[in-house]
Amino acid sequence: MADDANPLDGHRELRGGRVLVLCFDGTSDLFDRGTNAVQLMSFLKTDDYTRQMVYYQSGVGTYLRPNMLMPIVRTVLKLLDDAFAWDLDDHVMGGYRFLMQNWLPGDRIMLFGFSRGAYTARALAGMLEKVGLLPRGNNEQVPYAYKMYKRIDSEGWTESDAFKKTMSTPVHVDFVGVWDTVSSVGFMMNEYLPFTASNYHIRVFRHAVALDEHRCMYRPNMWHYTVPPFEAPPPASLETGKEPGALKRPTDIQEVWFAGCHGDVGGGNPPDKNGALMARIPLLWMIREAVLTKTGILWNELALQQAGFKLPMPAPEDTIKMQRQNGATDPDGPVQNYISALDAHYEQDVSASIHDKLNMNKLWWILEIIPLKYRRQQKNGQWRSYFGPHLGRPRHIPDPPPPTNVHVSVAQRMSKVKYKPRAKWEGEPNWVE
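Numbers in the numbering used here are just positions in the sequence shown, counted from 1, shifted up by 1.
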């Protein structure tokens, strides 16, 4: 058939197996919010499960049953869930069960997420690394496996190693693409899960981060080049890198800063009157990265065309490798792959409105004056803790090295409108296409 012969489906390189795509949405985001997780899912082929399967999960905080509760009770429970994120475990295990029931040898796993859904995606990748993937039908074992994943003491690492070797199959994640991962799962419970900030079983990691978000509940969770102490496994556990499912090369990592606040990067905000929408830029950037890194994801080209998007043509492996090492787009690379050439709305979206929720809704300031604990990585790689009120401070961009990657749309916005990014970087950044 003509569709099967399309060269754009050649990203798979006939490596065998199917593509399993899991999309996790943000806090309290339901399908009708139009986040980038929903938008990306709408661009995926879903008509042939023998080639690709797609799983969507609504945001942390959406498991309440409205028809069973009075409005005031729903509101209180929603606030408590935002504070404690008590259903995060259910979301991680939900994605794990989908993979347990559907993964076959040769299948490739792709994880996408926004906000706390991004944290969920990264936690799922971490769970797969630490305890492996159980055989199909072992539903009763999933909560036990998750408890072992969460443990960070020496005995927990020993048990998870034994469990993985005895009960599970080692698997790796091919691609993780996330929009603005938040640093914790609840402002009253600053819980951290293993391998959410570093993971040796991920081939490609892409992260779009918001320059202008400054709420305390939405501090960014960056990929740590020096692993936090609570994530570092005991020496014996490092042997997991020699398993059949382990990758033979380091993770291809790129975190890029974009203009806008949380929803301007991850989606969910309304467009301007002229149709301009800032979230389209990081959305297409993520799609472009998934194509250029040869994930094999199958796209619905008609849906992309109707949205004004084009897919880039895959570049040779050597060209991609050189671009990643340089941290920026190769100036001699194909012009048709520049994001401005792939998005019919790009020039308009560069100047789209920013939605600063801290200024739009003063109730957010209640949380800004509550003293909380924060952690920050210093230039020397050491971690330092802070305690006090947040007071709407700008986000902290990690000090180089590595150099800061900033999307070219930020520079274009700065030249077009009176825009100064709220978060500041040191020196000249890498301007990434």
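Glycine residues also receive a C-beta, built at the ideal position from the N, C-alpha and C atoms. In this text, all values refer to a predicted model and were calculated from it rather than measured experimentally.
Between the alpha carbons of GLU156 and THR197 lies a gap of roughly 20 Å. Annotation for LEU285: PHE310, ILE340, LEU343 and ASP344 place their beta carbon closer than 7 Å to its own, counting only its chain and skipping 5 residues before and after. ARG376 sits in a strand when the DSSP states are folded into three classes. Measuring C-alpha to C-alpha distances from ALA304 to each of ARG19, LEU45, PRO399 and GLY27 identifies LEU45 as the nearest.
Apart from the 5 residues on each side of it in sequence, LEU129 sits with its Cβ closer than 6 Å to the Cβ of VAL172 in its chain, given in chain order. By DSSP's assignment, PRO221 forms a beta bridge with VAL183. Straight-line spacing of the CA atoms in GLY35 and THR159 works out to 43 Å. Between TRP224 and GLU256 a beta carbon distance of about 6 Å is seen, short of the 8 Å cut, so the two are scored as contacting. Non-local C-beta neighbours of THR47 in its own chain, meaning closer than 6 Å and more than five positions away in sequence, comprise VAL55, ordered along the chain. ASP273 and GLN413 have their C-alpha atoms some 19 Å from each other. Residue environment analysis places LYS295 among the buried positions, since at least 16 neighbouring C-beta atoms fall within 10 angstroms of its C-beta. In this structure, DSSP gives HIS346 a state outside helix and strand, which the three-state scheme calls coil.
Looking only at ARG137, ALA119 and THR121, the smallest Cα-Cα distance to GLN102 is reached by ARG137. In this structure, the alpha-carbon of ILE398 lies about 22 Å from that of LYS419.
Exposure of ALA163 is indicated by the presence of fewer than 16 other C-beta atoms within 10 angstroms of its C-beta. In the displayed model, PHE388 falls within a strand according to three-state DSSP. In this structure LYS165 does not touch GLY127 by the C-beta definition: roughly 13 Å separates them, more than the 8 Å allowed.
Counted as a single uninterrupted DSSP element, the beta strand (DSSP E) harbouring GLU256 occupies residues 253-259. Beta-bridge annotation (DSSP): THR36 is paired with GLY268.
Within its own chain, the residues whose Cβ lies closer than 6 Å to the Cβ of TRP258, once the five positions on either side in sequence are excluded, are VAL210, LEU212 and VAL407, listed in chain order.
Under the three-state reduction of DSSP output, ALA291 falls in the helix class. Nearest C-alpha to MET279 among SER59, VAL22, HIS202 and ILE355: ILE355. Taking C-alpha positions only, ALA291 is separated from PRO313 by approximately 10 Å.
The residues THR197, in chain order, have a CB closer than 6 Å to that of ARG123 in the same chain once the five nearest residues on each side in sequence are set aside. Closest by C-alpha distance to ALA38, out of ARG152, PRO144, VAL179 and MET94, is VAL179. Residue pairing of HIS208 in beta bridges, as defined by DSSP: VAL179 and GLU256. Counting every other CB atom within 10 Å of its CB across the protein chains shown gives PRO390 a total below 16, marking it as exposed.
Going by DSSP, ARG98 is part of the alpha helix (DSSP H) stretching over 89-103. Apart from the 5 residues on each side of it in sequence, ALA353 sits with its Cβ closer than 7 Å to the Cβ of ASP273, ALA277, LEU278 and MET279 in its chain, given in chain order.
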